[in-house]
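In full-length UniProt numbering, the protein residues as written are 13 to 901. Heads up: the structure comes next, in structure tokens.
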Ligand code: PEP
Ligand code: MG
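Quick look at the structure:
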């Protein structure tokens with residue numbers, strides 16, 4: 013294979029091979045935009061290196077050939093003594109991983125060529141500053157020297173000179189610093205800083221390859237669910253300099269506001285600065301609009317380029333650029349990250365501009381973003397103490413205890429505290445603290461600072477650049493205007509949508525998007541929120557496209573009504589056990605412990621009207637829509653007193669010689685029913701088979717409720733579902749009894765009830781014999797919670813707390829199989845059972861009601877394997893509708 017591509021050879025569709033940065037640099041080059049020449053080493057080369065520990069044999073020659081071509085184009089050689097070509101060596105994976113991997117700038121400088129650079133630039137200070145930056149970056153990232161040693165030496169130089177910022181150091185100071193830095197390298201790395209420019213380049217390339225497996229990068233990938241085997245590409249790019257004086261500078265820009273989606277001039281610019289200075293938030297930037305005053309020609313050109321890019325990518329782009337002595341250079345572009353709200357607005361704006369169609373608009377948003385928009389917000393009416401305002405970098409309302417370092421953030425959050433990570437600025441070392449925190453607050457840096465970019469990526473609330481706050485991380489506190497001091501552990505609230513910072517806990521209110529779904533806010537109204545308008549339209553696109561129907565898991569009228577407002581097309585799972593708790597528990601206890609048939613019938617008779625009333629309410633709430641009622645499922649002990657507590661009671665009574673016959677009888681029964689593995693024990697259909705009358709009582713309640721609704725001109729559409737079936741025989745027995753009860757109710761009431769009877773598929777044996785089971789079932793609903801539990805042999809109630817963290821850390825799976833369907837294992841059983849079931853009964857209705865029904869990735873899977881509907885909790889219904897629409901377009 014070819015391992016190296018010139019920027020003129022690639023294009024934006026080669027992200028797998030060239031990484032995002034390389035593919036887009038190539039695309040811009042081919043669009044005729046001013047990109048400094050260079051080439052990209054492929055992810056394949058990186059993978060070979062990481063797998064074998066050696067670079068592919070052909071790589072060196074290919075790099076040589078491309079370097080020759082680059083040198084010819086630039087008219088100078090890498091590191092040439094009198095006029096050096098300098099290059100940057102930058103990482104660039106398929107998915108952006110801001111700041112997670114390595115980059116080395118100014119490669120090609122040496123003791124000799126630094127003089128040539130000084131002469132060419134007519135600027136000694138600039139040349140020596142570039143050289144000390146090279147040794148520092150190279151020492152740290154390539155040779156593994158502790159970066160603090162360089163920082164300390166730099167601090168010492170500033171102190172010696174009695175200056176505050178490094179721009180005040182002069183050429184002579186920097187020259188001394190270079191000598192000092194080289195000494196540090198020699199002592200710490202045991203070798204001299206390489207003077208051969210090609211050796212510098214080759215070592216930097218290897219270091220970038222290796223940075224793919226750095227701890228930070230691995231953690232970030234786990235968090236963002238980026239596969240670990242992609243590798244990174246390496247971009248070798250001729251250097252341009254933004255630090256050559258006031259007619260130079262560097263900046264970032266967005267073609268639209270990444271927070272609101274509005275078109276306009278958004279970005280930050282920093283005069284006389286290089287590379288990462290802007291993103292790191294080290295000095296404060298000016299708004300991009302001010303560039304018009306500073307350098308009109310470059311500004312106009314940049315605006316032109318931004319328009320070209322938007323029309324080419326048909327999306328919001330973000331851009332990094334540098335101006336070198338009045339000449340504009342494009343260093344990077346990509347389809348930009350954006351807030352959830354902006355994603356919805358931009359998608360509809362682009363449809364209105366005629367740039368994309370509805371199906372494409374659905375690809376521009378996702379369920380996770382919609383879920384984020386449904387989070388509550390701070391109550392604007394609440395009495396609050398605002399103490400500062402920063403930049404609204406990533407939306408949401410976060411409340412927590414202030415902590416000032418990542419270590420504490422992680423420690424406290426592990427013990428269940430909600431924390432806000434407060435820093436002057438963040439850097440990649442803060443990543444695990446950011447993950448642990450509810451929100452992130454910084455006092456420096458703009459919308460493109462590390463904190464902002466990473467928080468947006470994670471969907472975490474962030475306020476950055478709140479400059480009135482004096483953050484003192486050493487003393488673990490911050491001082492707010494007016495002098496009040498917030499100590500570690502004090503509660504603060506931050507609003508990532510407005511940038512406001514408050515003392516104490518601010519109460520939260522529902523989001524406008526939820527108000528809209530609830531029907532309390534209307535799209536199309538004059539004062540309708542722009543966001544609500546966009547969500548409304550996108551949901552309509554999704555509903556038009558999707559094939560999957562969406563139902564709710566709900567077991568009371570209130571949840572059912574909410575689900576209906578949220579767009580549910582029925583109930584896919586009513587868990588009747590929830591109707592047996594509270595006051596009714598005692599009745600159930602009596603039923604279970606009944607010694608005689610008369611006693612048992614007595615308690616069933618008392619339960620019947622209660623159950624019936626539950627169903628009447630539910631069918632009324634869901635009038636005209638299907639309601640799947642599942643017969644009693646959980647293990648019996650859930651309805652009985654706790655065995656330990658009861659034993660204590662009996663023992664106490666005994667020792668006090670008090671009467672305790674009832675307790676004793678109860679204890680004996682509890683002992684008799686006690687199971688080592690209740691989840692694999694007497695539950696589901698097994699209960700129905702061993703407790704006479706239980707399931708028939710439930711069926712009667714359903715049938716009588718349906719008849720009553722009919723008598724009131726309602727349109728009940730009940731479906732009866734049998735849980736935990738493993739063999740068709742179980743189902744046949746229950747079915748026969750149920751059919752008889754239904755016939756009795758029909759005869760007594762004169763109503764035609766059309767109740768269908770189906771089963772859950774939630775045991776491997778059921779899935780494996782689905783063809784037989786379909787003989788006795790009119791529908792299947794996949795219970796992927798139990799199916800995951802039994803296919804993996806994972807106890808669903810225990811594993812997430814016990815060993816899943818270790819499994820996730822080791823990369824055994826990227827996400828819990830209880831959260832996202834395990835396609836290869838559990839999923840393939842679902843697919844096979846669906847097929848076998850339909851082979852027996854072509855009109856078999858298929859759904860899923862495990863937690864996976866509301867999980868975006870799983871919804872796509874269920875669409876692909878041909879299910880008819882997914883069922884999920886009411887709050888996840890909009891997400892499921894959206895993802896079902898996306899899956900179909
Ligand atoms: C399931 O097992 O997936 C299911 C929906 O049933 P429950 O969670 O009630 O066991
Ligand atoms: Mg189940």
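Cβ coordinates follow ideal geometry from the N, Cα and C atoms, glycine included. Here the structure is a predicted model, which means the values were calculated and not measured.
Within the same chain, show all residues whose beta-carbon is closer than 8 Å to that of residue i, passing over the 5 residues directly before and after it, in chain order.
i, result
"residue 373", "359, 360, 362, 363, 550, 553"
"residue 418", "433, 441, 442, 443, 444, 445, 446, 448"
"residue 839", "833, 873, 877"
Identify which residue in the options has its Cα closest to the Cα of residue i.
i, options, result
"residue 241", "102, 28, 116", "28"
"residue 143", "103, 206, 702", "206"
"residue 542", "194, 356, 650, 465", "356"
"residue 402", "416, 340, 476", "476"
"residue 437", "407, 408, 481", "481"
"residue 322", "807, 366, 338", "366"
"residue 579", "599, 410, 529, 234", "529"
"residue 197", "764, 160, 179", "160"
"residue 99", "853, 119, 108", "119"
"residue 751", "789, 726, 777", "789"
"residue 190", "146, 754, 745, 26", "146"
Give the range of the beta strand (DSSP E) segment to which residue i is assigned.
i, result
"residue 247", "244 to 250"
"residue 118", "115 to 119"
"residue 405", "403 to 406"
"residue 565", "561 to 565"
"residue 734", "729 to 734"
"residue 122", "Run containing residue 122: none; DSSP gives neither H nor E here."
"residue 310", "Per DSSP, residue 310 belongs to no beta strand (DSSP E); it is in the alpha helix (DSSP H), 308 to 325."
"residue 902", "A question about residue 902 goes unanswered here, because the residues of the chain that appear run from 13 up to 901."
"residue 587", "583 to 587"
"residue 283", "275 to 283"
By the DSSP assignment, the alpha helix (DSSP H) with residue i in it spans what residues?
i, result
"residue 701", "697 to 702"
"residue 437", "No alpha helix (DSSP H) holds residue 437; DSSP gives it neither H nor E."
"residue 112", "Element bounds for residue 112: n/a, residue is neither H nor E."
"residue 164", "159 to 173"
"residue 148", "136 to 149"
"residue 379", "379 to 385"
"residue 224", "Unbroken run through residue 224: none, as it is neither H nor E."
"residue 32", "27 to 42"
"residue 191", "183 to 201"
"residue 550", "542 to 557"
"residue 858", "Run containing residue 858: none in the alpha helix (DSSP H); it sits in the beta strand (DSSP E), 857 to 860."
"residue 490", "Taken as a continuous stretch (DSSP letters only), residue 490 belongs to no alpha helix (DSSP H), being part of the beta strand (DSSP E) at 489 to 491."
"residue 413", "Not the alpha helix (DSSP H): residue 413 falls in the beta strand (DSSP E), residues 409 to 415."
Can you list, in chain order, the residues of its chain whose CB lies under 6 Å from that of residue i, leaving out five sequence neighbours each side?
i, result
"residue 518", "390, 394, 396, 505"
"residue 895", "379, 868, 871"
"residue 568", "none"
"residue 95", "88, 128, 132"
"residue 2", "Residue 2 is absent from the model: the chain starts at 13 and stops at 901."
Can you find the residues in the same chain that come closer than 7 Å, C-beta to C-beta, to residue i, ignoring five residues on each side of it along the sequence?
i, result
"residue 566", "572, 575, 583, 586, 886"
"residue 686", "649, 655"
"residue 526", "386"
"residue 114", "103, 153, 219, 220, 223"
"residue 512", "398, 401"
"residue 138", "255, 256"
Indicate whether at least one CB of chain C lies closer than 7 Å to the CB of residue i.
i, result
"residue 25", "Among the chains in the structure shown there is no chain C, since it carries only a single protein chain."
With a threshold of 6 Å (Cβ to nearest heavy atom), would residue i be considered close to the ligand FAD?
i, result
"residue 800", "Because the ligand FAD does not appear in the structure shown, any question about it cannot be addressed here, the ligands present being the ligand PEP and the ligand MG."
In chain order, what residues have a CB nearer than 6 Å to some heavy atom of the ligand PEP? With 6 Å as the limit between CB and the heavy atoms of the ligand PEP, the residues that fall short of it are 585, 587, 645, 774, 795, 796, 797, 798, 861, 862.
Just checking, does the region 81 to 99 make contact with the region 327 to 341 on the three C-beta pairs under 8 Å criterion? Flag = no, the region 81 to 99 and the region 327 to 341 do not touch.
Taking contact to mean 3 or more Cβ pairs, one atom from each stretch, closer than 8 Å, check whether the region 369 to 388 and the region 887 to 900 are in contact. The region 369 to 388 makes contact with the region 887 to 900, as at least three CB pairs between them are under 8 Å.
The region 776 to 796 / the region 731 to 745 touching (three or more Cβ pairs under 8 Å): A contact is defined here as three or more CB-CB pairs under 8 Å, and the region 776 to 796 meets this definition with respect to the region 731 to 745.
May I ask you to verify whether the region 773 to 780 touches the region 791 to 801, counting CB pairs closer than 8 Å and requiring at least 3? Segments in contact, yes.
Given 8 Å as the limit, is there contact between the region 253 to 267 and the region 55 to 72, that is, 3 or more CB pairs closer than that? By the Cβ test, the region 253 to 267 is not in contact with the region 55 to 72, since fewer than three Cβ pairs between them sit closer than 8 Å.
Does the region 15 to 23 touch the region 45 to 54, meaning 3 or more C-beta pairs lie closer than 8 Å? The region 45 to 54 is in contact with the region 15 to 23.
Cβ contact check for the region 610 to 629 and the region 704 to 711: 3 or more pairs under 8 Å: By the Cβ rule, the region 610 to 629 counts as touching the region 704 to 711, because three or more pairs are nearer than 8 Å.
Counting pairs of Cβ atoms below 8 Å between the region 660 to 676 and the region 599 to 614, do you hit three or more? Two segments are said to touch when three or more pairs of C-beta atoms, one from each, lie closer than 8 Å; by this definition the region 660 to 676 does not touch the region 599 to 614.
Measuring CB atoms only, is the region 30 to 42 touching the region 344 to 352, in the sense that at least three cross pairs come out at less than 8 Å? Using a C-beta cut-off of 8 Å, the region 30 to 42 makes contact with the region 344 to 352, since at least three inter-stretch Cβ pairs fall below that distance.
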